[in-house]
Each structure stands twice: as C-alpha cells, then as structure tokens.
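Below: one structure, written as structure tokens.
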Amino acid sequence: MRRMLIALRAILEREVLRFVGQRGRFVAALVRPLVWLIVFAAGFRAALEFSIAPPYEIPISYEIYIVPGLCAMIQLFNGMQSSLGLVYDREMGSMRLLLTSPLPRWWLLFCKLLSSTVISIVQVYAFLGIAALFGIAMPLLGYLAVLPLLVFTGLMLGALGLALSSFIRQLENFAGVMNFVIFPMFFLSSALYPLAKMAESSQILHQICILNPFTHAVELIRFAFHLELNALAFGISVVALIVFLTLAVWGYDPARGLIRKKA
Amino acid sequence: MSKAFSVDSVSFSFGSRQALEDVSFDVPEGCFAALLGPNGAGKSTLFSLMSGLLHCPDGRIAVAGYDMARQPAEALARTGVVFQSPTLDLDLSVLRNLTYFAALHGIANAEARSRAMESLEHFDLADRAHEPARTLSGGQRRRMEIARVLIHRPSVLLLDEPTVGLDLPARRSITRQVHSLTESTGLTVLWATHLVDEVEDNDFLILLHQGRVTAKGKMGDVAAGRPLSDVFMTLTGEAA
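So the sequence lines, in the order shown, correspond to chains A and B.
Adding 9 to a residue's 1-based position in the first sequence gives its number in my numbering.
Adding 147 to a residue's 1-based position in the second sequence gives its number in my numbering.
Given below as structure tokens:
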C-alpha cells in the first residue's frame with residue numbers, strides 16, 4: 010500500500026510540474042470558457058427565454074445558467090488533453106515506463122486519472138474566480154459544496170478520455186477529438202440550454218441529451234452550487250464512471266486493446 | 148547455472164503478420180547476451196513480450212526466474228528495461244527523472260535520491276543531476292536511462308538497441324560500460340542490436356532473423372573463428 014501511495018504522489022507531482030511548465034495550456038483552459046461566458050452569453054441571452062426550473066428558485070441570468078456547463082467543459086477539455094498526453098506519452102515512451110512498473114496497472118492508470126482531475130479542478134476554480142470578478146458569482150457555500158462533485162465529474166470525464174486513448178489512434182489529432190467527442194458532448198447537453206428547450210425542437214435530440222453522460226456532469230455541478238445533490242445525475246454518472254474505467258483498464262491490458270497494435 | 152531469461156517456444160503475430168515463430172533460448176545468470184538481428188527481425192516485439200507490454204499467447208517466458216504470465220509483478224520488480232525510443236521527460240531535471248522512476252517502483256524520496264545520485268555517479272552524470280534532461284547530449288541521455296533502470300537494483304536488464312542514433316565513440320563507451328557492469332556486478336543483460344561490433348568474444352549470442360532464432364550459443368562457438376559480420380551475412384543475407 011505504501012508503495013502505491015509513493016507512486017501516486019510521484020505521478021501527481023509530475024503532472025502538476027508539467028502543467029505548470031505549460032503556461033499556454035493554462036491560459037487556453039481559461040480563455041475558452043471565458044469567451045463563452047462573456048462574449049457568447051452576451052449575444053445569446055436575448056434569444057433564450059426559459060422558465061425557472063430546479064435548482065433555480067428565482068429568475069437567473071443566462072451567464073449564471075451556463076457557468077456549471079462551462080466548468081464541466083473545462084474538465085472535458087482537460088480530460089481529452091490528458092488522453093492526448095497519454096497517446097503522446099506512449100509514443101514518446103514514458104507510458105511504457107509506467108506500464109512496466111511492478112505496481113498494479115489499474116492503480117497506475119487511476120493515478121494518472123486523479124492527477125488530471127486535480128489539474129482540471131485548479132482550472133475550474135481559476136475560471137470561477139475570474140467569472141466572479143466579472144460579477145458572475147455563485148452562492149458562496151456552493152463554491153465549497155461543488156468541490157467533491159468536481160472530483161467525481163473530473164474522474165468520470167477523465168476516464169472517458171483514458172478509455173478513448175486506449176482504443177482510438179485518431180486521438181492524436183485534437184481537431185478530430187473536438188469534432189467527434191467534445192463538440193457533440195457539449196452541444197448535446199444541458200450546458201448551454203435547458204433540456205426542455207431541446208425537447209421543443211426535437212424529441213430524438215432530447216433523448217440523446219438525456220443519455221449523454223456530460224449532461225449529468227453538468228447537472229451535478231449545477232445542483233451542487235445550490236447545495237443540492239441531483240440523485241439521477243449522480244446515479245448515471247456513477248454508471249458512466251464504472252463503464253469508462255472498465256474500458257480503460259481493458260484497453261490497457263497487454264493481451265488486447267491498443268497496446269497490442271502499438272507496442 | 149540458473150537461468151536469468153528463459154524463452155520457450157514463443158510465437159506472436161500482429162494480425163496476419165507473424166512477428167515471432169517458435170523462439171526458444173535460455174540466458175544464464177550473470178551473462179551479457181546479445182540479441183542480434185537486422186531491423187524487423189522481431190527484437191522489439193520479443194522485448195515487449197519480455198517486459199509485459201504484450202501478452203504472450205503462445206509459449207512461455209520467464210524473467211529473473213518468474214513466469215511473465217503468472218507473476219509479472221515479481222518479474223518486473225527485478226527487471227530494468229531501456230526501450231529503443233527514449234522515455235525521458237526532457238523538461239524535468241535529470242534527478243527528478245530518476246526519482247520519478249524510483250517512485251514507480253515504490254522507492255520513496257530520500258532513499259530514491261540517494262540511489263539516484265549513486266547511479267548517476269557511476270555513469271559520470273552526478274554533476275548534471277539538477278539540469279533539465281533536455282540539456283544532455285544523446286549519449287548522456289542514454290547513459291542516464293541506463294543509470295535510471297539500476298535504481299531499483301534489478302537482477303536483469305533488457306536493453307532494446309540502446310545505442311541507436313549515437314555516434315561511434317558514444318556507442319562504444321555505452322557498450323563497454325554495460326559489459327563492465329555485467330562483469331563487476333553479476334547483472335544479466337539482454338542487449339538487442341543489429342550491429343555486430345557491439346558483441347564481444349565472451350558474450351552469449353542469439354541471432355534472430357525473420358522472427359526465428361537462427362543461431363545461439365557462446366559468441367566464439369557461433370562464429371567458429373570467422374568474423375561475426377560474415378556469420379551475420381550468411382545467416383541473414385544482410386550486411387551488419
């Protein structure tokens with residue numbers, strides 16, 4: 010057990026050092042959601058009129074509505090970038106270093122996942138801080154209450170990236186990830202508009218949004234800001250986390266998955 | 148004498164392409180064994196199987212006395228692997244690269260640092276410990292990778308073409324250094340290469356060609372008085 014914790018600490022330290030060394034990645038991680046929040050929301054709020062729905066009890070601004078979705082978007086981007094990192098790592102050989110350690114492989118993959126989640130949470134809080142400076146603030150206790158849920162959603166979205174990285178070679182191309190993973194997940198969710206609005210336009214798209222794990226990550230964060238736990242979103246996210254983690258461990262098994270094609 | 152590596156009837160294919168076919172050999176403990184073969188002979192595939200990156204569906208591999216299929220953790224804990232492609236984090240310091248590796252083997256900070264410095268000293272790199280790995284030359288980076296895999300005090304080393312891309316003096320220096328490591332510590336080394344001048348007279352030799360072992364034994368016995376390059380040419384049809 011002690012040896013496993015030593016490895017966790019080292020992997021976490023390494024990922025944080027790499028992140029600190031990549032200032033461009035941090036700036037990009039902040040600029041992206043801020044553009045959505047400040048520019049997109051300003052133009053879009055006039056077009057959207059929506060009735061009050063839980064967890065909101067009073068009318069809210071559109072900017073307030075999209076903050077949870079943008080927090081989840083930061084985590085989704087980070088999860089995908091980490092999986093790109095894994096592909097890069099594997100090509101550059103560092104992943105081989107990890108996979109030839111005598112420690113259990115599932116643990117090493119989990120360490121990678123947890124490290125990426127910690128980095129995504131730093132990004133989320135930096136974003137929330139800047140948003141608050143612009144007057145877009147959440148309930149004060151909500152900032153604290155959302156933390157454990159951000160760990161959970163970060164793990165879930167990171168595990169998706171991990172699973173994809175073990176199977177899909179095209180992940181090396183980030184444009185492909187944007188087009189086929191990030192944009193569909195982001196737009197087919199409740200990040201930018203309540204699902205009731207989507208139902209008015211298309212029942213099929215509405216159903217897809219409900220099945221999308223990203224929707225539930227967004228809703229978990231949204232409810233947590235208001236000190237509530239969305240039980241349905243939590244349940245679906247737990248299932249999604251288990252499925253993505255299982256796929257990732259399966260994909261990194263020496264007997265199958267991508268390693269067999271790439272080793 | 149007990150065996151440090153035992154490869155028994157191993158076959159492996161990537162889809163329809165047969166990479167290894169009925170490969171068998173044993174390497175005694177404390178011996179420098181050269182796995183010699185041209186590019187595409189199957190050396191890296193065999194190393195991936197021996198280091199647990201790939202699962203061996205046909206045949207049996209034992210490393211440091213442990214079966215790779217049943218006891219991979221025990222085998223990997225006693226193995227140091229240097230891959231053909233570099234596995235350094237160039238932005239981190241030399242020392243941090245080594246302590247990171249130590250942590251992956253469950254060795255904590257103070258102990259890891261002391262072992263890392265000891266290993267770096269052995270390879271004349273101690274004065275570069277706090278510099279980013281990026282500042283090292285190609286030969287120094289390779290020496291650093293070898294220094295790194297000694298941290299957890301393995302009993303066997305797998306080195307997959309560790310001199311690839313290096314100039315002749317750097318190549319000679321690393322090859323000699325690892326040979327002397329075997330002589331002084333009793334470490335068993337399996338060294339993949341396609342260059343005959345890296346093989347010394349007392350080495351154990353395994354010649355791999357098109358996924359098959361075409362010769363094995365003491366280098367002197369295999370060469371039988373002929374230059375090794377001639378033997379290599381005869382058995383593989385390629386110039387070494």
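From the three backbone atoms N, C-alpha and C, an ideal C-beta is built for every residue, glycine too.
Proximity to Glu272 (chain B) [Cα-Cα], best of B:Ala249, B:Asn244, B:Ala250, B:Ile254: Inspection of the sequence shows that residue 272 (chain B) is occupied by Leu rather than by Glu. Closest option to Leu272 (chain B), Cα to Cα, is B:Asn244.
Taking any Cβ of chain A, which residues in the region 230 to 247 of chain B have a Cβ under 7 Å from it, in chain order? Phe230, Ser232, Pro233, Thr234, Asp236, Asp238, Leu239, Tyr247
Taking only runs that begin and end inside the region 291 to 359 of chain B, name each unbroken beta strand (DSSP E) of 3 or more residues, in chain order. 303 to 307, 335 to 340, 351 to 356
Nearest to Leu122 (chain A) by CA position, among A:Ser211, A:Ser91, A:Pro113, is which residue? A:Ser91
Neighbouring residues, chain B, relative to Ser129 (chain A) (Cβ below 7 Å): By Cβ distance, chain B contributes nothing, its closest Cβ being about 21 Å from Ser129 (chain A), past 7 Å.
Secondary structure, alpha helix (DSSP H): runs of 4+ residues fully inside the region 209 to 248 of chain A: 212 to 220, 222 to 234
For Ser228 (chain B), which residues in chain A fall below 9 Å Cβ to Cβ? One point to set straight first is that residue 228 (chain B) is Val, not Ser, in the sequence displayed. Within chain A, the residues near Val228 (chain B) are Arg105, Leu106, Thr109.
As a quick exercise: from A:Ala168, A:Phe136, A:Val155, A:Leu43, pick the residue whose alpha carbon is nearest that of Asn239 (chain A). A:Val155
Using DSSP with H/G/I as helix, E/B as strand and the rest coil, what is Ala209 (chain B)? strand
Grab me the residues of Val369 (chain B)'s own chain with a C-beta within less than 6 Å of its C-beta, minus the 5 sequence neighbours each way, in chain order. Leu352, Ala362
My parser needs the alpha helix (DSSP H) runs of 4 or more residues fully inside the region 223 to 274 of chain B; what are they? 241 to 251, 256 to 269
Using a Cβ-Cβ distance cut-off of 8 Å, determine whether Ile15 (chain A) contacts chain B. yes
So what does Lys190 (chain B) bridge to, in DSSP terms? According to DSSP, which records beta bridges pairwise, Lys190 (chain B) is partnered with nothing at all.
Cutoff 8 Å: Gly30 (chain A) Cβ touching any chain B Cβ: yes
Can you tell me which of B:Val210, B:Ser240, B:Ala216, B:Asp238 puts its alpha carbon nearest to the alpha carbon of Gly227 (chain B)? B:Val210
Whether Leu85 (chain A) touches Met194 (chain A) by CB criterion (8 Å): yes
Exposed or buried, which one is His299 (chain B) when buried takes at least 16 other CB atoms within 10 Å? buried
May I ask which residues mark the beginning and end of the beta strand (DSSP E) holding Val190 (chain A)? Segment: none, Val190 (chain A) is in no beta strand (DSSP E) and carries neither H nor E.
With distances taken Cα to Cα, identify the nearest neighbour of His277 (chain B) among B:Ser266, B:Leu242, B:Glu265. B:Leu242
With a threshold of 16 other CB atoms inside 10 Å of the CB of Pro233 (chain B), please say whether the residue is buried or exposed. buried
Name the chain A residues that come within less than 8 Å of Ala224 (chain B), Cβ to Cβ? Pro111
For a test of your reading of the model: does the CB of Ala249 (chain B) fall under 7 Å from any non-hydrogen atom of the ligand NAD? Yes or no. Absence of the ligand NAD from the depicted structure is noted, as is the absence of any ligand whatsoever, leaving it without description.
If you follow the beta strand (DSSP E) that Leu46 (chain A) is part of, which residue opens it and which one closes it? Note, Leu46 (chain A): premise wrong, no beta strand (DSSP E); not H, not E.
Listing by chain order, which chain B residues have their CB less than 9 Å from the CB of Ala168 (chain A)? By Cβ distance, chain B contributes nothing, its closest Cβ being about 21 Å from Ala168 (chain A), past 9 Å.
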